[in-house]
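What follows is one structure encoded as structure tokens, with my remarks underneath.
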Amino acid sequence: MDTIILSIFAIIILLYSYKEGLGHISEPSAGFFGFIVGIILFITSILLGLSNFMKATKQHSKLGGRGLLSFCKVIGAMIAYGILLERFGILLTTFVTSLLLFARKDDLTSFRWPLLTVITTIGVYFVFVIFLKCHFPQGPIERILFNK
Amino acid sequence: MSTFDLLVLGFKVAGQPENLLACLVGVFIGTLVGVLPGIGPIATMSILLPITFGLGSTASIIMLAGIFYGAMYGGSTTSILVNIPGEAASVVTCIDGYQMARQGRAGPALGVSAIGSFIGGTVSVVGLMFFSQWLAAWAVRFGPAEYAALMFFGLIAVVFLVQESISKGLIMMCLGLFLRMIGQDITSGKPRFTFGIFQLQGGIDFLPLVMGLFGISEVLINLEKPETREFISTKIKQIWPSFSDLKKCVGPIFRATGLGFFLGLIPGGGVITSPFFSYALEKKLSKNPEDFGKGAIEGVAGPETANNAASISGFVPLFSLGIPASVAIALLLGAMMIHGVQPGPLFMQQKPEMFWGVVASMYIGNLVCLILNLPLIGVWVQLLRVPFRILFPLITIFCLIGVYTVNNNILDVYLMVLFGVAGYFLRKRDYEPAPLAIAFVLEPLVEENFRQALAISQGSFYIFVSRPISCGFVIISLLIIGISIWKEISKYKSH
Chain A
1 MDTIILSIFA IIILLYSYKE GLGHISEPSA GFFGFIVGII LFITSILLGL
51 SNFMKATKQH SKLGGRGLLS FCKVIGAMIA YGILLERFGI LLTTFVTSLL
101 LFARKDDLTS FRWPLLTVIT TIGVYFVFVI FLKCHFPQGP IERILFNK
Chain B
1001 MSTFDLLVLG FKVAGQPENL LACLVGVFIG TLVGVLPGIG PIATMSILLP
1051 ITFGLGSTAS IIMLAGIFYG AMYGGSTTSI LVNIPGEAAS VVTCIDGYQM
1101 ARQGRAGPAL GVSAIGSFIG GTVSVVGLMF FSQWLAAWAV RFGPAEYAAL
1151 MFFGLIAVVF LVQESISKGL IMMCLGLFLR MIGQDITSGK PRFTFGIFQL
1201 QGGIDFLPLV MGLFGISEVL INLEKPETRE FISTKIKQIW PSFSDLKKCV
1251 GPIFRATGLG FFLGLIPGGG VITSPFFSYA LEKKLSKNPE DFGKGAIEGV
1301 AGPETANNAA SISGFVPLFS LGIPASVAIA LLLGAMMIHG VQPGPLFMQQ
1351 KPEMFWGVVA SMYIGNLVCL ILNLPLIGVW VQLLRVPFRI LFPLITIFCL
1401 IGVYTVNNNI LDVYLMVLFG VAGYFLRKRD YEPAPLAIAF VLEPLVEENF
1451 RQALAISQGS FYIFVSRPIS CGFVIISLLI IGISIWKEIS KYKSH
């Protein structure tokens, strides 16, 4: 599988490099180096495929169960951060993202979970906004709290 | 100016409040991440890169360097007490360190590892001072052919030493080279490999790439690991080793310092390989080799000294030749480039205050690390109890905010997530991201010098073998490739 994906990718690099222009060997153009990289990638992926074919391939651990749930939770939280930040500001976005990240099925009724979220949000605001003076989009909470 | 005068200048620079604070914060964070299993110095350096942009160039390099060598000190604590290496360079310390802890000798094990680390680190800084100057004076004669050959050697050495399979390493190297080519052609400025996407015309930033590949993928990988740790809970007493322990460790510490220093100069993981070599050497030289694996103090002293010596000597090729010997050093190179500083043979002449400031800060940093790791060891032991379920949300939040603050561009956040997921799946399939990151950093230099060399020689590849230095690098690189192919074939035959 790796070999097929990598070989296709190498062919795309080769085609695009050719399209960018190879120039002459004494005066290489924009696609020249990319073309060499594409050739090396193509040859190596074929060699990798051959060596995998000849020897027993190692079983890679698969994603599933609790690992899959945590994986989806983290990715979902990060995408949510990207979507929310420019609309709702740093405070609300950090709060929501932290809430998602700290949430654990066996800990949902405990007060520790929201407490950690609040501490993280306040900590982030102090470190990035007050101490490091970074600029973030303003959200409704900043407008209410700081009258901005 | 003599070396002594330059060192005095370095101490003046390192003693400035901003630089001193950067050094203290760097070694503190380094020790912290070294102690905590699940997050290593590379991930931390990549996560903290955006914060260093607010600092001056010297302060940011001092801080990042401090994180790197500070982690080498802290890594031993986890290896000795939990039998889990805090970072890759402390794997060997687990063997005898943990056995010593089980026998109630955790204190001397931690003490000797801190002392060995201090000696290895400090002696290596002396070596760095003299060796860098000598190497830079030699490298001034390099032309494009020599540089291209040197970069080629650096890439091949990293691929060979970091990756178990050379084909996978080469694939990662090619991907790194290609990703950096996206954007604009370095000579003509013409857009290339943008696939019609306007946002790609500025190229892919270094930060989303490294924060995704090392920070986010590290979090995702660790989510699958069990949280239960076998922790040595007895009170740690008598940190200072006894006279007989110290006597046993003198030889291993000094041998490991030399070994670590020279292995650290070779691109591709001297920090990780040197503890293994040191352990094997000490076992071979020992009068009681049967004690190794059962709590021999020499088995802690040697490897811990070696990884610290190698972590410092890795700065020699960076400062004098401009090539990174490891991923952590590649991150430093990336940070220097972002600050508009190009390390190489002329770096010490053009930026003496920066070079000598960083060198002097290493003397200070090593001393601080010794203080942090001897009297304050109890604090770090308590930190080992912080569960990963608390750490990973904090790391993730820090990555998200950090990557956004650099350009205030939400696209960087998505790119980081994309590289994080890619890094996770690549690592699951045994593709280490290190060659990709190093190739990404080196690509402009490799391509520029390669194209210039071909233009000078009017298209003849003979230029790379007609000059003694470039010919030397080409031969060594081909030998490395040959050895790797031979190893792969032998592996196949043994199957």
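If you read the sequences in order, they're chains A and B. For the first sequence, this note's numbering gives the first residue as 1, with consecutive numbering after it. For the second sequence, this note's numbering gives the first residue as 1001, with consecutive numbering after it. Glycine residues also receive a C-beta, built at the ideal position from the N, C-alpha and C atoms.
What are the residues that DSSP puts in a beta bridge with residue i?
i	result
Gly1423 (chain B)	Per DSSP, none; premise fails for Gly1423 (chain B).
Gln1184 (chain B)	B:Pro1191
Pro28 (chain A)	A:Gly23
Could you list which residues in chain A have their beta carbon closer than 8 Å to that of residue i, in chain order?
i	result
Gln1458 (chain B)	Ser26
Tyr1098 (chain B)	Those within 8 Å of Tyr1098 (chain B) in chain A number zero; the least Cβ separation is about 25 Å.
Val1413 (chain B)	Met78, Tyr81, Gly82, Leu85
Ile1051 (chain B)	Leu132
Pro1387 (chain B)	Residues of chain A passing the Cβ test: none, with the nearest at roughly 10 Å.
Could you work out which residues of chain B lie near residue i, taking near to mean beta carbons separated by less than 9 Å?
i	result
Glu86 (chain A)	Ile1410
Ile141 (chain A)	Result: empty, since nearest Cβ-Cβ is about 16 Å, beyond 9 Å.
Leu115 (chain A)	Chain B residues near Leu115 (chain A): none, gap ~11 Å exceeds 9 Å.
Ser7 (chain A)	Result: empty, since nearest Cβ-Cβ is about 11 Å, beyond 9 Å.
Look at the alpha carbon of residue i and the alpha carbon of residue j, and state the distance between them as a whole number of angstroms.
i	j	result
Ala1296 (chain B)	Ile1115 (chain B)	16 Å
Ser1311 (chain B)	Arg1385 (chain B)	27 Å
Thr1044 (chain B)	Ser26 (chain A)	43 Å
Thr1052 (chain B)	Ser1460 (chain B)	43 Å
Leu1445 (chain B)	Ala1148 (chain B)	8 Å
Phe42 (chain A)	Phe32 (chain A)	15 Å
Ser1466 (chain B)	Val1474 (chain B)	11 Å
Thr1194 (chain B)	Tyr1414 (chain B)	17 Å
Asn1019 (chain B)	Gly1010 (chain B)	11 Å
Leu1064 (chain B)	Phe53 (chain A)	43 Å
Leu1442 (chain B)	Gln1342 (chain B)	12 Å
Ile5 (chain A)	Leu1332 (chain B)	32 Å
Thr1093 (chain B)	Phe1068 (chain B)	18 Å
Pro1458 (chain B)	Asp1185 (chain B)	Residue identity check: residue 1458 (chain B) is Gln in the sequence provided, not Pro. If you take the alpha carbons of Gln1458 (chain B) and Asp1185 (chain B), they lie about 20 Å apart.
Leu1177 (chain B)	Thr1405 (chain B)	26 Å
Gly23 (chain A)	Ala30 (chain A)	8 Å
Met1100 (chain B)	Val1082 (chain B)	12 Å
Ala1022 (chain B)	Gly1040 (chain B)	19 Å
Asp1412 (chain B)	Gly1111 (chain B)	43 Å
So, are the CB atoms of residue i and residue j less than 8 Å apart?
i	j	result
Ile1463 (chain B)	Ala1455 (chain B)	no
Val1358 (chain B)	Ile1062 (chain B)	yes
Phe1214 (chain B)	Ser1060 (chain B)	no
Ala1256 (chain B)	Ser1286 (chain B)	no
Gly1340 (chain B)	Phe1206 (chain B)	no
Thr80 (chain A)	Ser45 (chain A)	At residue 80 (chain A) the sequence reads Ala, which differs from the Thr that was named. The answer is no: Cβ separation not under 8 Å.
Pro1275 (chain B)	Ala1109 (chain B)	no
Val1027 (chain B)	Gly1056 (chain B)	no
Asp1430 (chain B)	Lys1168 (chain B)	yes
Met1072 (chain B)	Gly1212 (chain B)	no
Met1173 (chain B)	Asn1449 (chain B)	no
Lys1248 (chain B)	Glu1282 (chain B)	no
Met1362 (chain B)	Phe1355 (chain B)	no
Thr1273 (chain B)	Leu1265 (chain B)	no
Along chain B, in chain order, which residues have C-beta atoms closer than 7 Å to that of residue i?
i	result
Val37 (chain A)	Cys1174, Leu1177, Phe1178
Ser70 (chain A)	Leu1223
Ile40 (chain A)	Leu1170, Cys1174
Tyr16 (chain A)	Phe1193
Using 8 Å for Cβ pairs, my map puts residue i next to residue j. What's the rounded Cβ distance?
i	j	result
Asn1307 (chain B)	Val1125 (chain B)	Rounded, the Cβ-Cβ distance is 15 Å, inconsistent with contact.
Leu1220 (chain B)	Gly1420 (chain B)	7 Å
Leu116 (chain A)	Phe128 (chain A)	With 8 Å as the limit, Leu116 (chain A) and Phe128 (chain A) do not qualify as a contact, their Cβ atoms being about 18 Å apart.
Ser51 (chain A)	Tyr1492 (chain B)	7 Å
Gln1201 (chain B)	Gly1183 (chain B)	6 Å
Ala1437 (chain B)	Val1327 (chain B)	5 Å
Leu1391 (chain B)	Leu1135 (chain B)	That belief does not hold up - the Cβ atoms of Leu1391 (chain B) and Leu1135 (chain B) are roughly 40 Å apart, past 8 Å.
Which chain A residues are close to residue i, counting only those with a beta carbon under 7 Å from its beta carbon?
i	result
Met1001 (chain B)	Chain A residues near Met1001 (chain B): none, gap ~36 Å exceeds 7 Å.
Ser1167 (chain B)	Thr44, Leu47, Leu48, Ser51
Ile956 (chain B)	No answer is possible for residue 956 (chain B): it lies beyond the span of chain B, which begins at 1001 and ends at 1495.
Check the Cβ of residue i against every Cβ in chain A and list those closer than 9 Å, keeping chain order.
i	result
Ser1188 (chain B)	Ser29, Ala30
Gly1054 (chain B)	Leu132, Lys133, Cys134
Met1063 (chain B)	Ordered by position in chain A, no residue passes the 9 Å Cβ test against Met1063 (chain B), which lies about 14 Å from the chain.
Val1091 (chain B)	Under the 9 Å cutoff, chain A gives no residues; its nearest Cβ is about 20 Å from Val1091 (chain B).
Met1336 (chain B)	Within 9 Å Cβ-Cβ: nothing; Met1336 (chain B) doesn't reach chain A, min ~21 Å.
Ile1390 (chain B)	Phe102, Leu116
Thr1405 (chain B)	Phe128, Leu132, Cys134, His135, Phe136
For residue i, go through chain B and note every residue whose CB falls closer than 8 Å to its CB, in chain order.
i	result
Gly67 (chain A)	Leu1223, Glu1224
Val96 (chain A)	The contacting residues do not exist; Val96 (chain A) stays about 11 Å from chain B at best.
Cβ of residue i within 7 Å of any heavy atom in the ligand PLP?
i	result
Ala1325 (chain B)	This structure does not include the ligand PLP; it has no bound ligands of any sort.
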